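K.L.:
Chains as they are written, first to last, in the working numbering: chain B, 134 to 603; chain P, 134 to 603. Just so you know, even glycine gets a beta-carbon here, dropped at the ideal spot from N, CA and C. Since the structure is predicted, the reported quantities are computational estimates derived from the model, not experimental observations.
#1: Which ranges would you report for the beta strand (DSSP E) in the segment 489 to 534 of chain B if only whole runs of at least 3 residues count?
#2: DSSP beta-bridge partners for residue 266(P)?
#3: What three-state label does DSSP hand residue 313(B) in the structure shown?
#4: Under 8 Å by Cβ, that's how I've got residue 520(P) and residue 578(P) pegged, so tell me the actual separation to the nearest angstrom.
#5: Under three-state DSSP, which class holds residue 197(P)?
#6: Contact defined as beta carbons within less than 8 Å: I believe residue 534(P) pairs with residue 576(P). What is the distance between those atoms, to the nearest angstrom?
#7: Under a three-way DSSP split, which group does residue 404(P) fall into?
#8: Compare the C-beta of residue 552(B) with all C-beta atoms of chain P and state if any pair is closer than 7 Å.
#9: Indicate whether at least one CB of chain B lies closer than 7 Å to the CB of residue 330(P).
#10: Is it true that the CB of residue 357(P) sits closer than 7 Å to the CB of residue 383(P)?
#11: List the residues of chain B that residue 297(P) touches, going by C-beta distances under 8 Å, in chain order.
#12: Would DSSP call residue 333(P) helix, strand or coil?
#13: Considering just the uninterrupted stretch of the beta strand (DSSP E) at residue 570(B), what are its terminal residues?
#14: Under a Cβ-count criterion, where at least 16 other Cβ atoms within 10 Å of its own Cβ denotes burial, should residue 515(B) be classed as buried or exposed?
#15: Kindly indicate if chain B contains any beta-carbon less than 7 Å away from that of residue 494(P).
#16: What residues match up with residue 482(B) in a beta bridge as DSSP calls it?
#17: Near residue 352(P), which residues of its chain fall below 6 Å by C-beta distance, leaving aside the five closest residues on each side in sequence?
#18: Alpha carbons only, please: which of 529(P), 438(P), 531(P) and 300(P) is nearest the one belonging to residue 164(P)?
#19: In whole angstroms, what is the alpha-carbon distance linking residue 193(B) and residue 209(P)?
#20: What does residue 521(B) reach in chain P if we use C-beta pairs closer than 7 Å?
#21: Can you give me the C-alpha to C-alpha distance between residue 135(B) and residue 452(B), rounded to a whole angstrom?
#22: Leaving aside the five residues before and after residue 307(B) along the sequence, list all residues of the same chain whose C-beta is less than 6 Å from its C-beta, in chain order.
#23: So residue 249(P) packs on residue 326(P), CB below 8 Å; how close in whole Å?
#24: Please tell me whether residue 538(B) has its Cβ less than 7 Å away from any Cβ of chain P.
#25: Quick check on the burial criterion: 16 or more other C-beta atoms within 10 angstroms. Buried or exposed for residue 584(P)?
#26: Identify the residues that DSSP records as bridge partners of residue 357(P): which are they?
#27: Of all the options 413(P), 388(P) and 392(P), which has the alpha carbon lying nearest to the alpha carbon of residue 399(P)?
#28: Against chain B, with Cβ distances strictly below 7 Å, would residue 490(P) count as a contact?
#29: Can you pull the chain P residues whose beta carbon is under 9 Å from the beta carbon of residue 572(B), in chain order?
#30: I'd like to know whether the C-beta of residue 209(P) is nearer than 7 Å to at least one C-beta of chain B.
#31: Would you kindly work out how many angstroms separate the C-alpha atoms of residue 197(B) and residue 214(B), rounded to a whole number?
#32: Over the uninterrupted beta strand (DSSP E) stretch that includes residue 606(P), give me the two end residues.
#33: Kindly confirm or deny that the segment 499 to 511 of chain B and the segment 524 to 532 of chain B touch, where touching means at least three C-beta pairs closer than 8 Å.
#34: Work out the CA separation of residue 581(B) and residue 510(B) for me, nearest whole Å.
#35: Would you decide whether residue 372(P) is buried or exposed? Buried here means 16 or more other CB atoms lie within 10 Å of its CB.
#36: Here's the rule I'm using: 16 or more other beta-carbon atoms within 10 Å means buried, otherwise exposed. How should residue 543(B) be labelled?
Right, dumping it as structure tokens:
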């Protein structure tokens with residue numbers, strides 16, 4: 134029986150090889166057309182350049198509204214089949230113009246300015262600021278051991294990202310809880326405020342902001358990121374002196390929520406228009422940065438990707454939809470609104486591919502799913518070899534498509550070189566000059582190609598129905 | 134007989150698998166030690182930073198001599214088994230302080246400054262410069278068709294690098310003959326001088342210099358690179374006007390040759406000290422650039438590579454030798470001197486690995502040899518997967534190790550991301566700021582690891598003797 138089965142398998146392989154081979158050739162040919170057009174035009178970079186002219190695109194800001202208008206116009210100008218906006222309500226947190234901190238009470242070095250940026254969502258310090266002794270910790274365990282001795286103090290979370298990891302996203306994951314939960318954990322023991330080492334592998338004077346959240350039933354205390362240079366200085370000072378006072382003052386405020394939009398455009402499928410392959414990125418950035426890589430690059434790549442497909446007059450069987458999600462950074466508002474919209478009732482989202490890891494050299498794709506599903510998608514590896522991409526591996530897809538993934542959509546992510554990303558992530562260093570037009574474009578081409586091929590092929594029953602029945 | 138042979142092969146495989154697996158584990162462990170130490174210290178970047186302080190390291194300059202002294206000291210400071218200098222005589226070509234050009238005779242746009250840089254080895258224009266009509270060509274065929282009609286004119290070679298190619302080195306290869314041979318070809322038809330479009334994929338105002346050579350029996354005429362922005366302007370102007378005069382003036386001179394050195398250091402093999410695995414890069418740069426990527430990055434990687442091995446007290450069976458070659462850019466002087474030295478008589482160079490493609494994200498290695506040899510080295514791919522490198526492929530090794538290759542050494546090259554390299558190659562844009570410390574370090578680690586493993590394993594008879602008997 135075993136042997137018979139093997140013969141059947143071999144037989145099938147022989148039968149279907151010519152048809153597959155022909156289709157493989159066709160897909161490779163389409164890949165080459167996309168690649169050549171993309172690399173000659175470098176359109177993603179042009180889009181990014183225009184997008185960055187509006188300024189930081191933080192949720193709820195006028196600049197964010199301008200980015201909605203601009204990208205909506207860009208999708209319209211392409212001449213896609215459908216272009217529309219879907220409303221999203223986003224919180225409106227406004228950073229104060231003055232954010233300052235200093236080592237105020239060191240006998241050894243006197244006063245030294247520290248560069249900080251309030252974390253997104255933080256409450257304000259009192260108008261006169263906080264001046265309090267600093268306690269350095271590297272983990273929540275260490276904080277717990279200190280217990281009530283941190284009462285009235287500023288807790289300084291100073292655990293660096295682990296430099297030894299080749300994948301810097303893994304290093305980020307290992308350090309980010311200080312930023313997201315540090316204030317809540319420190320407040321449990323009566324701390325007055327927190328400073329969190331910036332999540333970067335560089336030692337410089339740029340603070341890297343990011344989201345944080347308070348915990349119900351725990352007092353809210355102000356929280357800011359401190360530049361790594363400042364963190365090193367503060368840590369060094371604490372080695373020599375038992376009591377070091379820090380002064381810090383920042384007065385952000387939470388205002389009324391604001392309506393913005395997910396920006397959407399699509400090439401309608403010729404046979405199954407309600408079956409969707411989504412390519413997405415988030416339109417917002419943090420407020421202290423141009424957000425060139427995070428996620429201007431992603432926005433530029435998906436707009437350019439669908440533009441390339443449109444201009445080559447490629448209309449697959451299923452719909453390819455480009456979605457620019459609102460407010461990923463400060464609440465995933467667009468991702469939840471999109472997946473939860475009643476417009477989704479008649480639609481089937483087979484695959485969602487997000488690009489939100491920077492516009493660096495693309496190395497492949499991640500598939501956020503179990504082994505056999507990842508292996509299924511690895512059949513497409515050959516398509517990306519000519520682009521210099523060799524990996525289709527298991528891994529996280531993207532934040533904006535988590536709500537879709539929960540509904541059964543296969544979540545995938547573009548996987549670029551990660552070495553440079555956290556040098557600039559959520560900081561003023563995330564500028565256009567750090568983007569290479571060709572690296573950016575290769576990502577756009579790869580996304581367009583994968584979206585097209587998946588929109589032609591659909592998904593086999595073992596993947597699709599299994600996940601719909603979850 | 135065939136079947137018997139197959140059984141023997143399978144039998145051997147089974148016998149040796151446990152031992153191999155153990156060795157694989159040992160090598161992976163060494164790789165991890167190198168990687169962790171490297172990424173924590175980022176020593177290659179520190180070395181590069183110091184190296185760039187001496188200024189452009191063009192052959193024969195005092196800065197080049199300072200770089201010899203500095204790197205010699207660095208190798209001594211590591212505490213290697215042997216460190217020494219080997220003399221190399223290099224030509225001394227000196228660029229003039231004033232290099233200028235302009236569109237001098239356009240009715241449409243009047244005078245417009247053009248940014249140029251004399252090509253390395255060019256003769257001077259007359260003291261008053263050249264003013265002559267410009268003829269644009271894109272190939273030597275086109276030049277030949279024009280024939281004697283270019284007499285007395287400036288030939289403007291304007292064939293761009295092919296943007297469609299993912300591998301930018303292939304695009305460079307397809308355009309570089311204009312630079313290297315353009316002057317000789319144009320002189321055959323009586324041209325007065327040549328301007329060559331800078332070999333870069335960016336449109337900007339930085340000229341990219343590089344080597345050129347004259348041809349015996351053909352008059353020498355002055356040759357300069359022109360920035361791509363200037364090339365585009367000139368080409369555009371020629372679309373509207375039949376006769377456009379260009380003025381250009383640069384007065385470099387060839388002086389007496391100078392003695393410099395190949396800088397060499399090694400970890401002596403414990404069993405076969407005369408069998409060498411060479412890791413190399415070139416110490417010189419062009420004169421108008423810091424040469425951070427070309428080839429400061431390579432120099433930093435091989436110094437850091439051998440430093441990591443030394444500090445981890447790894448002494449393989451065969452010798453690992455680090456060579457910083459003199460004057461690659463303007464004659465491969467160091468490469469020829471090294472391979473031709475009588476010191477080589479008692480030595481056997483098994484493999485030479487060069488790093489001279491920039492300090493960008495390493496993707497793998499090239500092996501400059503036939504298929505079966507490349508396949509042999511692919512057995513080591515598993516070692517580099519943890520570093521995010523997946524490719525050991527056929528391809529050029531490096532310019533400095535061509536003379537060794539001719540003598541039977543296996544030539545290999547570190548293969549990094551090529552997308553950004555020609556943005557800055559041979560231009561003032563090749564600065565420290567464009568180097569990422571982690572990308573640079575990953576290359577150093579990869580070279581150290583490959584050198585160590587090859588120095589332990591040596592080469593199988595089918596590779597080594599075949600090539601010695603060539």
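P.N.:
In terms of the structure at hand:
#1: 495 to 500 and 524 to 527
#2: Assignment of beta-bridge partners to residue 266(P) by DSSP yields 378(P).
#3: helix
#4: 6 Å
#5: helix
#6: Not a contact, Cβ separation roughly 16 Å.
#7: coil
#8: yes
#9: no
#10: yes
#11: 168, 169, 172 and 173
#12: For residue 333(P), the secondary structure class from DSSP, reduced to helix, strand or coil, is coil.
#13: DSSP places residue 570(B) in no beta strand (DSSP E) but in the uninterrupted alpha helix (DSSP H) bounded by 570 to 590.
#14: exposed
#15: yes
#16: 409(B)
#17: 320
#18: 438(P)
#19: Straight across, the Cα-Cα distance linking residue 193(B) with residue 209(P) is about 59 Å.
#20: For the C-beta of residue 521(B), the chain P residues within less than 7 Å are, from N- to C-terminus, 299.
#21: Interpretation of residue 135(B) is limited by its pLDDT of 39, a score under 50 that renders its predicted location unreliable; the figure taken from the coordinates is listed afterwards. Cα to Cα, residue 135(B) sits roughly 41 Å from residue 452(B).
#22: Cβ within range, chain order: 295.
#23: Not a contact, Cβ separation roughly 11 Å.
#24: no
#25: buried
#26: 251(P) and 328(P)
#27: 413(P)
#28: No, residue 490(P) lies away from the interface with chain B (no Cβ there is under 7 Å from its Cβ).
#29: Those are 550, 552 and 553, listed as they occur along chain P.
#30: no
#31: Distance between the alpha carbons of residue 197(B) and residue 214(B): 25 Å.
#32: Nothing can be reported for residue 606(P): it is not among the residues displayed for chain P, which extend from 134 to 603.
#33: Taking a cut-off of 8 Å on C-beta distances, the segment 499 to 511 of chain B touches the segment 524 to 532 of chain B, as three or more cross pairs fall below it.
#34: Near 16 Å, if we compare the C-alpha coordinates of residue 581(B) and residue 510(B).
#35: exposed
#36: Buried is the label assigned to residue 543(B), since at least 16 other Cβ atoms lie within 10 Å of its Cβ.
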